[in-house]
Amino acid sequence: MEQLKISPLFLGERDIIKTLQFLPGVSAGMEGSSQLNIRGGTNDQTLYLLDDVPVYNQSHTFGLFSIFNTDAIKSVDLYKGGIPTQYGDKLSGVVSVALKDGDFKQYHNSLSLGLLAGTFASEGPIIRDHLSYVFTGRRSFVDLLYNGFMSISGGQSGAMIAFYDVNAKMTWKINSANLLSWQLYSGYDDIYGMNTGKDKIRNERYFEKFGYGWKTFMTAVRYSGKLTPSLQLSSNLYYTSLTNFNRAISKFTAPGIEQKKENVESSLMKEMGGKVAFEQKTGKNNRLFYGLEGANQVYVPDCIYKRENSSEIFYNSGQLRLFKLSAYLYDEYRYRQWFISLGLRTSLYDNWKKKIFSVEPRIKINTFLGEKNKLMLAYDRMHQPIHTVYEMNYNFQADYWVPFQEDILLSANQASIGWKNFTNSNLSFSIEAYYKTMNNLLLIKNLENYMDFHTDYETGKGKSMGLECLLEYSRERFTSWISYTLSKSDRSFEDRIYPFKYDAPHSFSAFVSYKLIRNEKTTHTFSLNSQAKTGYPYYVPEISYPGLGLPTLSNAYPGNSDIYSVDYIPQYPNVRIRNFFRLDANYTLERPCKKGTLSWQFSLLNLTNRENPYAIYKKDDKYKAFVLIPLFPSVSVKRCF
1002 MEQLKISPLF LGERDIIKTL QFLPGVSAGM EGSSQLNIRG GTNDQTLYLL
1052 DDVPVYNQSH TFGLFSIFNT DAIKSVDLYK GGIPTQYGDK LSGVVSVALK
1102 DGDFKQYHNS LSLGLLAGTF ASEGPIIRDH LSYVFTGRRS FVDLLYNGFM
1152 SISGGQSGAM IAFYDVNAKM TWKINSANLL SWQLYSGYDD IYGMNTGKDK
1202 IRNERYFEKF GYGWKTFMTA VRYSGKLTPS LQLSSNLYYT SLTNFNRAIS
1252 KFTAPGIEQK KENVESSLMK EMGGKVAFEQ KTGKNNRLFY GLEGANQVYV
1302 PDCIYKRENS SEIFYNSGQL RLFKLSAYLY DEYRYRQWFI SLGLRTSLYD
1352 NWKKKIFSVE PRIKINTFLG EKNKLMLAYD RMHQPIHTVY EMNYNFQADY
1402 WVPFQEDILL SANQASIGWK NFTNSNLSFS IEAYYKTMNN LLLIKNLENY
1452 MDFHTDYETG KGKSMGLECL LEYSRERFTS WISYTLSKSD RSFEDRIYPF
1502 KYDAPHSFSA FVSYKLIRNE KTTHTFSLNS QAKTGYPYYV PEISYPGLGL
1552 PTLSNAYPGN SDIYSVDYIP QYPNVRIRNF FRLDANYTLE RPCKKGTLSW
1602 QFSLLNLTNR ENPYAIYKKD DKYKAFVLIP LFPSVSVKRC F
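So the working numbering is basically just the index in the sequence shown, starting at one, shifted up by 1001.
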């Protein structure tokens, strides 16, 4: 969390997901996204937990920001291998974000402004030493300014991005050993365009608004405490949901005429569940962990609402359901230089058509070789009952979730071995090798046929292997680390092996910061981070059929002069985009002021102005790169009081 405070800003916002993307074995996908593709897996194979509650969308604004507000976060844990047995239902990794409990003694408030959004955060006691609260609210303000300007200037068209999120938490300290808390998250994104116009002579007016968005919601009650001196309990009950929508609204008025049209297409996923986890000390060197968790999920993949004047049409594709029940048990044994964790997780998945039972053994062994070297071994078996579906599009934003169909359950096996050297308290070096296989991966050729008839899809396999290196050095005011990943990730469908769409054989990243203290009150911090990696495989259309199609979002990309053409996109990647490189710089000034502190943070993104492709589009019969982030300055100010 300390490194996050001095990392370069992205459009004036600090983001924990952007920081994790610099770690070895973790890929962001396309530039600017908030994805975490871990060790050859996809983003939907990563389990995201907010205070131990699953969330199924982690992105704002095309993925430019994540939903995790850093002012509300206490800690973040990332697991790529050696995944603890209490985590399941995803193949590749776990990101567990813990929210603050709130200060039980003092009040803390802050207000920050970036280029796109403003944030307010507050925490403190409700009843001193017994009941505390945390609240954060964040909202984009560019859309408010833009809409106001349009109203004043009489503008007729434009496009805009709007989002907000709220975190709230109350914690009751029953006594020194027992806590009861309630938490809530609510987030909303709306990406839209507008057209307005009027004809004063004919007294005609028209208005249209179109776009898409998504809503994420989570609430939970959690209890943790000591039942006996050797037995601890942690439990929760939660509700979480995700709604995606596409919307088009139009209105036309003239003397004696008023026409209104509205088209809304949406999908919904909601989940209710609970967990009970025990930690028991069974000996001087032994601890036993066991628990039970269950959830009921409801999916409505497609709802269509159409209204024209007084006529209404409503279509619902029906519900898909999934019930899951899991139990786990693992033992941690420590003796001298040895740490051994042996565990087993079992799950029952029921989609109301098929029942599947899974067994997942987990093994983790660490041993110290002397005082300065540690050897690490791990094996994980994972299963996944849900997945996202989309047609071939790198930049598809909405997470469209469905449960497993027929008897297809995604599975993965991963083995890893690592070594870490502690040269001294300031310097460490680690290297880890992994090998992972994945089965029953889906390649969906036609989304409608897959959802309606469970046809037009293939099952295949995946394989990923790699070597991850991390060098860390810190001393007084200086902090730095360098990471390098050598990896290969493939997919196999129809006996054809091809590289995974985010396969990057070489990936390098580095971070360095220096804190300069001019006096006891003013701190200047300078930091740089850099990332370079092999370009990703890409699907470039091989054949174009002019005049056969209608304009759609997929072929109306920037600069396409023939939006009525139909491009044939191959099933397998046929090119690699250019290699990626980016260098960012940051300067932070922090100084005290009356009743608090004031900090300014200035960043320069992409110092070399490297044109890293975000998407590929066609212009004048040539394919060109659409660049999302050129050389770009960013600034934010934060007042704590």
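C-beta atoms are modelled at their ideal positions from N, C-alpha and C, and glycine is treated no differently.
Through-space distance from ALA1434 to PHE1340, alpha-carbon basis:
19 Å
Beta-bridge pairing of GLY1198 - partner residues as DSSP gives them
TYR1207
Would you please state the rounded distance, in angstroms, between the beta carbons of SER1133 and ASP1104? I believe it to be under 8 Å.
6 Å
What separation, rounded to the nearest whole angstrom, lies between the Cα atoms of LEU1632 and THR1486?
26 Å
Short check: CB of SER1417 to CB of MET1377, under 9 Å?
yes
How many whole angstroms separate the CB atoms of SER1035 and SER1067, which I take to be in contact at a CB cut-off of 8 Å?
4 Å
Can you give me the C-alpha to C-alpha distance between ASP1072 and GLU1032, rounded to a whole angstrom?
24 Å
Return the residue from the list ASN1520, LYS1325, LEU1048, MET1439 that minimises the CA-CA distance to TRP1353.
LYS1325
Can you name, in chain order, every residue of its own chain whose Cβ lies under 8 Å from the Cβ of ILE1409, other than the five neighbours on each side?
ASN1441, LEU1443, THR1460
Once DSSP output is grouped into helix, strand and coil, what is the label at SER1562?
At SER1562, the pLDDT of 43 sits below 50, so the modelled position is not reliable and the matter cannot be decided from this model.
Work out the CA separation of ARG1129 and TYR1615 for me, nearest whole Å.
50 Å
Which of helix, strand or coil does DSSP assign to GLY1115?
coil
Would you kindly work out how many angstroms separate the C-alpha atoms of TYR1224 and LEU1181, rounded to a whole number?
5 Å
Output needed for PRO1559: all residues of its chain with C-beta closer than 7 Å, excluding positions within five of it in sequence on either side, in chain order.
Legend: pLDDT at PRO1559 = 40, less than 50; position of this residue unreliable, value from coordinates given subsequently. Excluding sequence neighbours, PRO1559 sits near TYR1618, PHE1627.
For THR1020, which three-state DSSP category applies?
helix
In angstroms, rounded to a whole number, what distance separates the CA positions of GLY1188 and SER1359?
34 Å
Do the CB positions of ALA1505 and TRP1482 come within less than 9 Å of each other?
no
Whose CA, out of THR1347, SER1311, LEU1051, lies closest to the CA of VAL1222?
LEU1051
Helix, strand or coil, according to DSSP, for ASN1297 in the structure here?
strand
In chain order, what residues of the same chain lie with their CB nearer than 6 Å to the CB of GLU1469, ignoring the 5 residues before and after it?
PRO1025, GLY1026, GLU1433, THR1486
What does the alpha-carbon distance come out to for the pair ASP1102 and PHE1136?
10 Å
Report the three-state DSSP secondary structure of GLN1184 (helix, strand or coil).
strand
Which term fits LEU1554, buried or exposed, when burial requires 16 or more other beta carbons within 10 angstroms of its beta carbon?
Residue placement at LEU1554 cannot be trusted, given a pLDDT of 39 that sits under 50; what the coordinates show is reported in the next sentence. Exposed, since its Cβ has fewer than 16 Cβ neighbours within 10 Å.
Under 9 Å, do LEU1605 and ALA1586 count as touching if we go by C-beta distance?
yes
Within 8 Å, do at least three Cβ pairs link the stretch 1044-1058 to the stretch 1081-1091?
yes
What is the residue span of the beta strand (DSSP E) that HIS1525 lies within?
1524-1534
From the DSSP output, read off the bridge partner residues of LYS1252.
PHE1208, LYS1261
In the DSSP assignment, the beta strand (DSSP E) including VAL1390 goes from what residue to what residue?
Here VAL1390 belongs to no beta strand (DSSP E), and DSSP marks it neither H nor E.
Quick check: the Cα distance between ILE1017 and GLY1344, rounded to an integer number of angstroms?
30 Å
Contact check, THR1197 vs PHE1208, beta carbons under 9 Å
yes
Beta-ladder partner(s) of ASN1317, from DSSP
CYS1304
Straight-line Cα distance separating TYR1300 from LEU1321:
5 Å
Starting from HIS1507, trace the beta strand (DSSP E) in both directions and tell me its first and last residue.
1507-1518
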